[in-house]
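J.: Protein chains in written order, with numbering that gives the first Met the number 0: chain A, 0 to 305; chain B, 0 to 449.
Okay, here's the structure, questions in a sec.
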Amino acid sequence: MSVALPVPDFPGSILTVTLPAGPGGTPVTVGGQNALPLLPEGEHPNAPAVGMEVPTGPLELPPALAGAIGAFAGDPAAMARKCAGDWGARFLFLSLACCHPDGGGQSVLEGAAVVREVLSATPAPVIVGGCGDEEVDARLFPAVAEAAGRPVFLSYAEEKNHRLVAGAALAYGHGVVSWSPIDINMAKQMNLLLADLGFPPDRVLIDPLTGGLGYGMEYTFSIVERIRLAGLSGDAALARPVLCHLGDAWKAREATDPSEGTWGDVDARGRRWEEATGLACLAAGADLLVCRHPASVARLSGAAWR
Amino acid sequence: MALTAIDIYKLLPKTNCKKCGQSTCLAFAMQIAAGKASIDLCPPASEEAREKLSAAAAPPLPKVTIGIGEREVVLGDETVLFRHEKTFYHPTAIAVSIRDDASDEEFASRLAAIRRLSFERVGQQISVDLVALRCASGDSDRYARAAAAALEATGLPLVLLAPAGPLAAAVEAAAPSRPLLAPPPEDLVPAAKLAAERKLPLRVRARGIEGLSVALADARAAGATSLVADPSPETPRDAVSFATNLRRLAILSRNRDFAYPSAFDLGGGFPDPFLAAALLVAKYGSLLVLDSADPADLLPLLTLRQNLFTDPQRPIQVEPGVYPIGAPSESSPVLITTNFSLTYFTVRGDAEAAKVPAHLLIADVDGMSVLTAWAAGKFTGESISKMLAECGIGEKVTHRTLILPGMVARLSGRIEELSGWRVLVGPQESSALPSYLRRLPPAAFLPAHG
Ligand code: B12
Ligand code: SF4
């Protein structure tokens, strides 16, 4: 006897997006699926991709990260090579926190120079993250767009700055990460705004804001599930690959506090915290994960099924 | 599939006699479809209508309970596939295993380790729910003694992973505690008879959905009714796929033959148990057995479970009001925060670490964080001034100085204007409260004049 399984049949599929690589590198292609994540049903032409953050500026690393990446603090190019090489990151998320007034306060030109340095250190696909300060980022993204010698993605375009960021990206052939604060309507609105500017949809990723485990992860989980279901059900503005940055996992006290004896080894615990955050994102439907611990790359790739 | 109002309407007498309290049969059908009325309220309804409607109203995934009293674990009883559609009701139960062939000393220390897998987070206790006792000795007496010892030491309900002989011996020792019987596939029938006779829940293990369709039927034929289905995957990927299919069969197909909670034994060499466990907490695992008792594994898993099984419509929150930190006096500082549990417990912990007695005002913002509540218009100059006037803090202190979370510094002016209180802007992160509070000059909290 054979059991008839109720497999949902979705009318839509997720747009395919490619993060280009430099000469000799491997581009990352995500999207293209017409089914829910992790399941052997429908078409999943591309597996989710796991990348790593390359930090800049002064770092205050929790114990688990200090041991793993502490040696690369202050040398983003070396860190980038290591991530894309030995650690197996398929793409890099270069965070220009060094340009934040509280994060080193480097100039926009210095930030752009870091981008060039990293791009020449490795051919891996790169997403360049702003520093988070509105005023600085408004100058930083155009400078980065101009300085980058090959196509990258600019993270983030949000409601306020999207004209500027999308304009800079369009002028130099880059992609953008469209950001919204855990809100499906705003995520959709952002993509419609980008479309109004004539931005090519296959150069857009959705960043729904990823809360860390224990600190808002459940909101992200449900928003990603809803974005994915809406996209598969035919809402083209949401049928886009989703990027989850797991950095917030490292803000949790549980991931970083060595003093709680009953919580187990802080190094193992920190890694598990990021891993569990990432696994939940994959289960919800994330297509790209950005992690901070090298061990997370291999661990999360273990569930990046097609 | 749930019936629509139109499906229900077709089953009603269509006479609009109003005995149900509704003006038309259609209005009544809509009430039933929304879950707000039951067919019992329509006296003239036919037998057929009654039968069909009560079958449709039965939970798509009936519950199974293990253990008794306070430690009772409820599996299943879910109604949706995605938490945003309503909520998930019964968190994935987590069992940590122990072997019956351990030395007395190892056995006792492992049980103590399992008991310690309980943590307080945002005002809730999150804990491992069950002890899974693996029969490795093959010795019935030893297994039964181990079951009694595990019960005695932890008080947690048991999953009895054992062949028929030892299983029967352990049931003699532990039946009143309502353990879950978990025999290997070859001992299914005798174990199912035992479960039927003692009215105990039974885990049915077989290969995949096809295997389960036969094994579950065998268990039912032997008289067992309270069943949990283990599709015995070989990889995490299989596990997620099986769990999803079981849940969909119950909820989408309303297939009663598979309407059982799922169980997964992720011990005994199962590849990558942590990864599988995290994915199964997110995707439809009802009961997981783990060999790890490492808190570095369990704390993240239990936190993940706490997150995903929170009602999306109702964040975990605390009662609004005035909370004392230490033993505050009339000249102690007054702090304000919101009634989102995560915010409150973080701030309380940090304020306590300061060892400066204080009054902490918890504003009613429907369980939102400081910035979220501000962005939603619930934590405003108006609402804070109203709370200052109405919560009774004015009688508890003689000064009129409020410490505001740094993130909402912009509210200071409005609060001062509306309430007459002076506002000090505190640090952005409450972790900086200890140094901030200790540095405050006592003159900040002198009695207000006038
Ligand atoms: C999870 C989340 C949500 C959840 C709700 C969670 C909840 N129950 O509150 C959801 C998805 C529902 C949500 C909704 C919204 N959100 Co929201 N959300 C977040 C997120 C990711 C985390 C919030 C959180 O849990 N923080 C953790 C708690 C512990 O922080 P906290 O309460 O601020 O407490 C800290 C400090 O304030 C301080 N502190 C607290 N009390 C006190 C007291 C004293 C005396 C002192 C000194 C310090 C202090 O210490 C605490 C620990 O550090 C933040 C982004 C972020 N990373 O912060 C955005 C964020 C708060 N949200 C934002 C927005 C815009 C919204 C929405 C308006 C839009 C939307 N997304 O739909 C809605 C508004 C709600 C509505 N209309 O229903 C914005 C706010 C913009 C701004 N800068 O003001 C943020 C900052 C995101 C962003 N960067 O844009 N949100
Ligand atoms: S009692 Fe039954 S028959 Fe009468 S109006 Fe209500 S639904 Fe219709």
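For glycine and all other residues, C-beta sits at the position ideal for the given N, C-alpha and C.
No experiment lies behind these values; they were computed from the predicted model shown.
List the residues that DSSP assigns as beta-bridge partners of Ala48 (chain A).
T.: DSSP lists A:Leu287 as partners of Ala48 (chain A).
J.: By how many angstroms is the C-alpha of Thr224 (chain B) removed from the C-alpha of Pro58 (chain B)?
T.: In a straight line, the C-alpha of Pro58 (chain B) is about 16 Å away from that of Thr224 (chain B).
J.: How would you write the range of the alpha helix (DSSP H) that Asp99 (chain B) sits in, first residue to last?
T.: First-last for Asp99 (chain B): undefined, no H or E at that position.
J.: Looking at C-alpha atoms only, which residue of A:Leu4, A:Trp249 and A:Asp264 is the closest neighbour of Ala277 (chain A)?
T.: Correcting the residue identity first, residue 277 (chain A) is Gly in this sequence and not Ala. The residue with the shortest Cα to Cα distance from Gly277 (chain A) is A:Trp249.
J.: Can you tell me whether Leu132 (chain B) is buried or exposed, with buried defined as 16 or more other CB within 10 angstroms of its CB?
T.: Leu132 (chain B) is buried by the Cβ-count criterion.
J.: Would you kindly report the start and end of the unbroken alpha helix (DSSP H) that includes Tyr218 (chain A)?
T.: Start and end: Met216 to Leu231.
J.: Which runs of the alpha helix (DSSP H) at least 4 residues long sit entirely within the stretch 89 to 141 of chain A? Give them in chain order.
T.: Runs of the alpha helix (DSSP H) inside the stretch 89 to 141 of chain A: 107 to 120.
J.: Any heavy atom of the ligand SF4 within a distance shorter than 7 Å of the CB on Cys390 (chain B)?
T.: Result no, Cβ not under 7 Å from the ligand SF4.
J.: Identify whether Thr91 (chain B) lies in helix, strand or coil by the three-state DSSP scheme.
T.: Coil, per DSSP.
J.: What is the rounded straight-line gap between the Cα of Leu153 (chain A) and the Cα of Leu37 (chain A)?
T.: Their backbone Cα atoms lie some 28 Å apart in a straight line.
J.: Exposed or buried, what is Glu145 (chain A) when buried is set at 16 or more other beta-carbons lying within 10 Å of its beta-carbon?
T.: So Glu145 (chain A) counts as exposed.
J.: Is the number of C-beta pairs between the stretch 266 to 280 of chain B and the stretch 44 to 52 of chain B that are closer than 8 Å three or more?
T.: Output reads no: the stretch 44 to 52 of chain B does not touch the stretch 266 to 280 of chain B.
J.: If you reduce the DSSP assignment to three classes, tell me which class Cys390 (chain B) lands in.
T.: Of the three classes helix, strand and coil, the one that applies to Cys390 (chain B) here is coil, per DSSP.
J.: Once you ignore the five residues that flank Val114 (chain A) on each side, which residues in its own chain have a CB closer than 7 Å to its CB?
T.: Same-chain partners within the cutoff: Leu93, Val127, Val143, Ala146 and Ala147.
J.: Within 10 angstroms of its Cβ, does Gly449 (chain B) collect 16 or more other Cβ (buried), or is it exposed?
T.: Unreliable placement is indicated for Gly449 (chain B), whose pLDDT of 42 sits below 50; the coordinate value is still reported in the next sentence. It counts as exposed.
J.: Compute the minimum distance between the beta carbon of Lys35 (chain B) and the heavy atoms of the ligand SF4, and state whether it is under 7 Å.
T.: Not under cutoff, so the answer is no.
J.: Name the residue from B:Leu360, B:Asp296, B:Tyr259 and B:Val364 whose alpha carbon lies nearest to the alpha carbon of Thr64 (chain B).
T.: Nearest of B:Leu360, B:Asp296, B:Tyr259 and B:Val364 to Thr64 (chain B), Cα basis: B:Tyr259.
J.: Under the three-state reduction of DSSP, which class applies to Pro446 (chain B): helix, strand or coil?
T.: Coil.
J.: Return no unless some Cβ of chain A is closer than 8 Å to the Cβ of His83 (chain B).
T.: With 8 Å as the cut-off, His83 (chain B) counts as an interface residue toward chain A.
J.: Flag Asp264 (chain A) as yes if its beta-carbon sits less than 8 Å from any beta-carbon of chain B, otherwise no.
T.: Yes - at least one Cβ of chain B is within 8 Å of the one on Asp264 (chain A).
J.: So for Met0 (chain B), helix, strand or coil by DSSP?
T.: The predicted position of Met0 (chain B) is uncertain, since its pLDDT is 47 and thus under 50; a value taken from the coordinates is nonetheless stated next. Three-state result, Met0 (chain B): coil.
J.: By the three-class DSSP mapping on this structure, what secondary structure does His292 (chain A) have?
T.: Residue state, collapsed to three classes: coil.
J.: Let me see if you follow: with CB-CB separation under 8 Å, is Trp272 (chain A) close to chain B or not?
T.: Taking Cβ atoms only, chain B reaches closer than 8 Å to Trp272 (chain A), which makes this a yes.
J.: Please state whether DSSP places Glu71 (chain B) in a helix, a strand or coil.
T.: It is coil, neither helix nor strand.
J.: Which residues of chain B have a Cβ atom closer than 9 Å to the Cβ of Glu133 (chain A), listed in chain order?
T.: Result: empty, since nearest Cβ-Cβ is about 15 Å, beyond 9 Å.
J.: Does the beta carbon of Val321 (chain B) fall short of 7 Å from some heavy atom of the ligand B12?
T.: Result no, Cβ not under 7 Å from the ligand B12.
J.: What number of angstroms, rounded off, separates the C-alpha of Gln21 (chain B) from the C-alpha of Phe27 (chain B)?
T.: Computed Cα separation, rounded: 6 Å.
J.: What alpha helix (DSSP H) runs, 4 residues minimum, are completely inside the stretch 33 to 82 of chain B?
T.: As far as the stretch 33 to 82 of chain B is concerned, its whole alpha helix (DSSP H) runs of at least 4 residues are 46 to 56.
J.: Pull out every residue of the stretch 183 to 214 of chain A whose Cβ sits closer than 8 Å to any Cβ of chain B, in chain order.
T.: Answer in chain order: Leu212, Gly213 and Tyr214.
J.: For a quick check, are the C-beta atoms of Pro446 (chain B) and Gly425 (chain B) less than 8 Å apart?
T.: Result no, Cβ atoms of Pro446 (chain B) and Gly425 (chain B) do not sit closer than 8 Å.
J.: In chain order, which alpha helix (DSSP H) runs of at least 4 residues are fully inside the stretch 188 to 235 of chain B?
T.: Correct list: 207 to 220.
J.: Evaluate Ala163 (chain B) with the Cβ neighbour count: other Cβ atoms within 10 Å of its Cβ, from every protein chain shown; 16 or more gives buried, anything less gives exposed.
T.: Buried: at least 16 other Cβ atoms inside 10 Å.
J.: Where Arg253 (chain B) and Ser12 (chain A) are concerned, what is the direct C-alpha to C-alpha distance, given to the nearest angstrom?
T.: Distance between the alpha carbons of Arg253 (chain B) and Ser12 (chain A) is about 27 Å.
J.: Would you call the stretch 70 to 78 of chain A in contact with the stretch 212 to 229 of chain A, where contact means no fewer than 3 C-beta pairs closer than 8 Å?
T.: Short answer: they don't touch.
J.: When you measure from the CB of Ser430 (chain B) to every non-hydrogen atom of the ligand FMN, does any distance come out below 7 Å?
T.: By its list of ligands, the structure shown excludes the ligand FMN, since it contains just the ligand B12 and the ligand SF4.
J.: Give the DSSP bridge partners of Cys243 (chain A), in chain order.
T.: Answer by DSSP bridge pairing, in chain order: A:Leu288.
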